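Right, one structure below, let's go through it.
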Amino acid sequence: MRMVEKRQLVVPGDLLAEGDYVAGENTYKEGNRIYSQKIGLVDFDDKKIFVVPLKGRYVPKIGDVVIGQIVDVSLSGWTVDINSPYKAVLGVPEVVGKSFSPKLDSLTKILDVGDVIVGKIVSFDRTKDPALTIKGEDLGKISDGIIVKLTPTKVPRLIGKKGSMINMIKRETGCEIIVGQNGRIFIRSRNPEKIELVVKAIKMVEEQAHTTGLTDRVKEFLKTVKGVKND
Amino acid sequence: MTEIKKLIDENGLRVDGRKLDEIRPIKIEIGLLANADGSAYIEQGRNKIIVAVYGPREAQPKHIGLHDRAAIRCRYHMAPFSTDERKSPAPSRREIEISKVIREALEPVIFSEYYPRSMIDIFIEVLQSDGGSRCAAITASSLALADAGIPLKDLVVACAVGKIDGKLAVDLSDVEDKLGEADMPIAYIPALRKISLIQMDGIFTEEEFFKALNMAKDACIKIYKIQKEALKQKYLQTEKE
Amino acid sequence: MMKLLASGKRLDGRGLLDYREIKIENGVVEKAEGSALVSMGNTKVLVGVKIETGQPYPDLPNQGALTVNAEFVPLAYKYFEPGPPDENSIELARLVDRGIRESKTIDMEKLVIIPGKEVYVVFVDVYILDHDGNLVDAAGLAAVSAILNAKLPVYRVKENGEVIKMDEYVPLPVQNCPIPVTMVKIDDKILVDPTLDEENMASAKLTITLTKNGEICAMQKSGLGAFTLDEIVEAQKIARKKSSEIREKFFREWC
Numbered sequence: 001m002r003m004v005e006k007r008q009l010v011v012p013g014d015l016l017a018e019g020d021y022v023a024g025e026n027t028y029k030e031g032n033r034i035y036s037q038k039i040g041l042v043d044f045d046d047k048k049i050f051v052v053p054l055k056g057r058y059v060p061k062i063g064d065v066v067i068g069q070i071v072d073v074s075l076s077g078w079t080v081d082i083n084s085p086y087k088a089v090l091g092v093p094e095v096v097g098k099s100f101s102p103k104l105d106s107l108t109k110i111l112d113v114g115d116v117i118v119g120k121i122v123s124f125d126r127t128k129d130p131a132l133t134i135k136g137e138d139l140g141k142i143s144d145g146i147i148v149k150l151t152p153t154k155v156p157r158l159i160g161k162k163g164s165m166i167n168m169i170k171r172e173t174g175c176e177i178i179v180g181q182n183g184r185i186f187i188r189s190r191n192p193e194k195i196e197l198v199v200k201a202i203k204m205v206e207e208q209a210h211t212t213g214l215t216d217r218v219k220e221f222l223k224t225v226k227g228v229k230n231d
Numbered sequence: 232m233t234e235i236k237k238l239i240d241e242n243g244l245r246v247d248g249r250k251l252d253e254i255r256p257i258k259i260e261i262g263l264l265a266n267a268d269g270s271a272y273i274e275q276g277r278n279k280i281i282v283a284v285y286g287p288r289e290a291q292p293k294h295i296g297l298h299d300r301a302a303i304r305c306r307y308h309m310a311p312f313s314t315d316e317r318k319s320p321a322p323s324r325r326e327i328e329i330s331k332v333i334r335e336a337l338e339p340v341i342f343s344e345y346y347p348r349s350m351i352d353i354f355i356e357v358l359q360s361d362g363g364s365r366c367a368a369i370t371a372s373s374l375a376l377a378d379a380g381i382p383l384k385d386l387v388v389a390c391a392v393g394k395i396d397g398k399l400a401v402d403l404s405d406v407e408d409k410l411g412e413a414d415m416p417i418a419y420i421p422a423l424r425k426i427s428l429i430q431m432d433g434i435f436t437e438e439e440f441f442k443a444l445n446m447a448k449d450a451c452i453k454i455y456k457i458q459k460e461a462l463k464q465k466y467l468q469t470e471k472e
Numbered sequence: 473m474m475k476l477l478a479s480g481k482r483l484d485g486r487g488l489l490d491y492r493e494i495k496i497e498n499g500v501v502e503k504a505e506g507s508a509l510v511s512m513g514n515t516k517v518l519v520g521v522k523i524e525t526g527q528p529y530p531d532l533p534n535q536g537a538l539t540v541n542a543e544f545v546p547l548a549y550k551y552f553e554p555g556p557p558d559e560n561s562i563e564l565a566r567l568v569d570r571g572i573r574e575s576k577t578i579d580m581e582k583l584v585i586i587p588g589k590e591v592y593v594v595f596v597d598v599y600i601l602d603h604d605g606n607l608v609d610a611a612g613l614a615a616v617s618a619i620l621n622a623k624l625p626v627y628r629v630k631e632n633g634e635v636i637k638m639d640e641y642v643p644l645p646v647q648n649c650p651i652p653v654t655m656v657k658i659d660d661k662i663l664v665d666p667t668l669d670e671e672n673m674a675s676a677k678l679t680i681t682l683t684k685n686g687e688i689c690a691m692q693k694s695g696l697g698a699f700t701l702d703e704i705v706e707a708q709k710i711a712r713k714k715s716s717e718i719r720e721k722f723f724r725e726w727c
């Protein structure tokens, strides 16, 4: 029997269901009872019950696109801060060709401490720190823009179903936007006012991620501001 | 000749007007610190305690990291101005012992195996102390951990029961603890129905102990409801905006 | 190991509620006013009692003072490091202290030399010599034994207020005999007097100290796990039984 409804706010220790159910993400099963592990909104999928958390640190997943900052360089590669309990490693082969022979000063010429990159997580397990690559389309060093933070659990909301939210924001503002699954978003535009619009839109997602009709409201907001400016 | 203070008056009321089974008023605030991953503030009677949680984050220094789960660290510390007489800022033996028992009270609910080689820090600062601070600290720490998004089996809630003027009373204040005959703090995990902290000093007969244990558990359940309400209120408010 | 437990036996052949062999030797350090060496299986703890004079605590001007300290010396265990006491040795010292203090084992009011100015200060120093589990019970027993057999140096106050040490001794005024009993939970079974291996395997540990009248005067749960209320009530019954057995065997004259 389910004790909660969809989108109900639950906290750790709340009993979600009793009986023949499957414990999904952010829940756990003890005996035949399923409890929430985090503060978040309940959702279910037939027999599987899970909680979408409202807060939490980013835990790397293979395939995720992330935005990080180089914090260290060594002969084997770079260490990257990706806003996670674990620092990521970017090995030399994931940046340059196989025939490259590394020397420390030539490495810093490619990527130095403080540089910001868009990378993809290629490996991560319990015994090793996550590994990144920047070989690939739309990956690599990024500059001339700003980085905005968003709670990692709300990134899917910023992207929207099949990209509906993020594509709408891109269209309405004309900015270049790269969304990192780790809660870091890169925005670039020649027009600083447009960047400010995107920042405000992201703030709306941060504050209202758990409500319905958000995409429409953000669209309204962006159109209204644009409208005012055009007067 | 020192006057013997009566802790219970003719009407069965305590020095602060409470009944024997009454807990002190509790006020809770969650997520008040911008830097911490999770935070909570509690007032219980005249106790004022703030808790910040940082983590899970990289284990520093590396050797304190554990290969199969997060290392949990807890620091219970009293501010020099928190007590009647100024307390030296250096950690006392009492604070060190309390840091240990609080950590051990919270660890059973943390899914630390999800974050090997990382660490979770719980920093407790007692800004004003009036008896039962370790219990209030545990109650607030659970909220700070939840606020940080750390996966928990349940919130841990804590309360003490003691003996004053020969009678069992819940949630002793400082003067009651000092002049009373026994004090027993417990920490309780309602979803698992288990006790993760129990300490006692003073004298209890077997019967008194059994009664006190159940009184403490009942008081914990009352406070647990307050904890959950506070958590839900905080996040429901964000929803309403 | 689990199969063994299920059949009520432990690796060393003991029953779940059996203590290891306990030996107590008193007066091993003659220069101390009291001392006792306790061995519990392979665990060895030495307690020395030194009695000096000093100022009373400001909020207890008409009582003697008691201080308990514990040293987990490096020679006792490969993981003991030299240095100031860590949280484990502080916890042990404070737990042994509470057992003695709350049971009023020492009649502190008889330890006053000049009220409000000069009192006896009893220093109880716990020295761990060999760690094979259950340091608390061994330390608690050694502390009690050292105290029960300690001698108090007599001080006389002359007419001019001067305090001089006489060359005589009287027994320390004692009136109780607190015995701690430590138990661990492994799987769902409660075991008394854990060895080091058993402590490492256990999910939680509970110490309950009882006075000669069967009252509980100290209690401490430690370790990462948790107990149900029933387990705690059961542990309390076990502790009551074991503490009187030990008191009967070693401290009969004090019961």
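Protein chains in written order, with my numbering: chain B, 1 to 231; chain F, 232 to 472; chain R, 473 to 727.
Think of the CB as a built atom: it goes at the ideal place given N, C-alpha and C, for glycine as much as any other residue.
Values in this document were obtained by computation on a predicted structure and should not be read as measured data.
Run the CB neighbour count on residue i, radius 10 Å, all protein chains shown included, and call it buried at 16 or more, exposed below.
i	result
Tyr641 of chain R	exposed
Gly248 of chain F	exposed
His603 of chain R	buried
Arg573 of chain R	buried
Met1 of chain B	exposed
Lys709 of chain R	exposed
Pro130 of chain B	buried
Met232 of chain F	With a pLDDT of 41 at Met232 of chain F, under the threshold of 50, the modelled position of that residue is not reliable, and no figure is offered here.
Tyr529 of chain R	exposed
Gly63 of chain B	exposed
Glu472 of chain F	Caution applies to Glu472 of chain F, whose pLDDT of 41 falls short of 50 and renders its modelled position unreliable; the model cannot decide the point.
Thr667 of chain R	buried
Leu467 of chain F	exposed
Ala418 of chain F	buried
Gln535 of chain R	buried
Answer yes or no: does any C-beta atom of chain A fall closer than 8 Å to that of residue i?
i	result
Ala422 of chain F	Although the question refers to chain A, the structure presented lacks it and instead comprises the protein chains B, F and R.
Which residues of chain B have a Cβ atom closer than 7 Å to the Cβ of residue i, listed in chain order?
i	result
Ile342 of chain F	Residue identity check: residue 342 of chain F is Phe in the sequence provided, not Ile. Within 7 Å Cβ-Cβ: Gln37.
At 8 Å on the CB atoms, spell out the chain F contacts of residue i, in chain order.
i	result
Asn26 of chain B	Pro382
Pro156 of chain B	None at all; the shortest Cβ gap to chain F is about 15 Å.
Tyr86 of chain B	Glu289, Arg348 and Ser349
Gly686 of chain R	Thr436 and Glu437
If the cut is a Cβ gap below 7 Å, which residues of chain R does residue i touch?
i	result
Asp432 of chain F	Arg570, Glu574 and Ala690
Leu403 of chain F	Within 7 Å Cβ-Cβ: nothing; Leu403 of chain F doesn't reach chain R, min ~15 Å.
Ser427 of chain F	Ala698
For my contact list, residue i and residue j are in at a C-beta cut-off of 8 Å; report their separation, rounded to the angstrom.
i	j	result
Ile117 of chain B	Val96 of chain B	In fact, because the Cβ distance is near 14 Å, the residues do not count as touching under 8 Å.
Lys237 of chain F	Gly243 of chain F	So it is not a contact: roughly 12 Å between Cβ atoms.
If you follow the beta strand (DSSP E) that residue i is part of, which residue opens it and which one closes it?
i	result
Phe723 of chain R	No beta strand (DSSP E) contains Phe723 of chain R, which DSSP labels as neither H nor E.
Ala690 of chain R	Ile688 to Ser694
Leu567 of chain R	Here Leu567 of chain R belongs to no beta strand (DSSP E); instead the alpha helix (DSSP H) covers Glu559 to Glu574.
Asp20 of chain B	Counting along the chain, Asp20 of chain B falls outside any beta strand (DSSP E), and DSSP gives it neither H nor E.
Give the interface partners of residue i over in chain R, defined as CB-CB distance under 9 Å, in chain order.
i	result
Pro339 of chain F	Ser675, Ala676, Leu696, Gly697 and Ala698
Ser330 of chain F	Glu559
Lys448 of chain F	Leu701
Over the uninterrupted alpha helix (DSSP H) stretch that includes residue i, give me the two end residues.
i	result
Gln208 of chain B	Pro192 to Gln208
Arg288 of chain F	Per DSSP, Arg288 of chain F belongs to no alpha helix (DSSP H); it is in the beta strand (DSSP E), Asn278 to Glu289.
Val608 of chain R	Leu607 to Leu620
Glu167 of chain B	One point to set straight first is that residue 167 of chain B is Asn, not Glu, in the sequence displayed. Unbroken alpha helix (DSSP H) run through Asn167 of chain B: Ser164 to Thr173.
Ser675 of chain R	Per DSSP, Ser675 of chain R belongs to no alpha helix (DSSP H) and is neither H nor E.
Residue i versus chain F: which residues are under 7 Å apart at the beta carbon?
i	result
Arg260 of chain B	This structure leaves residue 260 of chain B out entirely; chain B is present only between 1 and 231.
Leu54 of chain B	Tyr466
What does residue i touch in chain B if you count any residue whose Cβ is under 8 Å from its own?
i	result
Ala377 of chain F	Val11, Pro12, Lys38 and Ile39
Can you name the residues of chain F whose CB is closer than 9 Å to the CB of residue i?
i	result
Arg190 of chain B	The premise fails here: Arg190 of chain B is roughly 32 Å from chain F at the closest Cβ pair, so nothing lies under 9 Å.
Contact between the region 267 to 280 of chain F and the region 353 to 364 of chain F (3+ Cβ pairs under 8 Å): yes
Meets three-Cβ-pair contact criterion under 8 Å: the region 689 to 700 of chain R and the region 582 to 597 of chain R: no
Any 3 or more C-beta pairs closer than 8 Å across the region 541 to 554 of chain R and the region 615 to 634 of chain R: no
Cβ contact (3+ pairs, closer than 8 Å) linking the region 379 to 398 of chain F and the region 423 to 434 of chain F: yes
Validate contact between the region 257 to 265 of chain F and the region 307 to 314 of chain F using beta carbons, cut 8 Å, 3 pairs: Contact between the region 257 to 265 of chain F and the region 307 to 314 of chain F is absent, because fewer than three Cβ pairs lie under 8 Å.
Segment contact, 8 Å Cβ cut-off, at least three pairs: the region 559 to 578 of chain R with the region 538 to 547 of chain R: yes
Touch test, the region 153 to 160 of chain B against the region 169 to 182 of chain B, Cβ-Cβ under 8 Å, three pairs minimum: yes
Three-pair Cβ contact test at 8 Å for the region 369 to 379 of chain F versus the region 319 to 337 of chain F: yes
Segment contact, 8 Å Cβ cut-off, at least three pairs: the region 599 to 615 of chain R with the region 667 to 683 of chain R: Flag = yes, the region 599 to 615 of chain R and the region 667 to 683 of chain R touch.
Inter-stretch contact at 8 Å, needing at least 3 Cβ pairs: the region 647 to 655 of chain R / the region 392 to 408 of chain F: no
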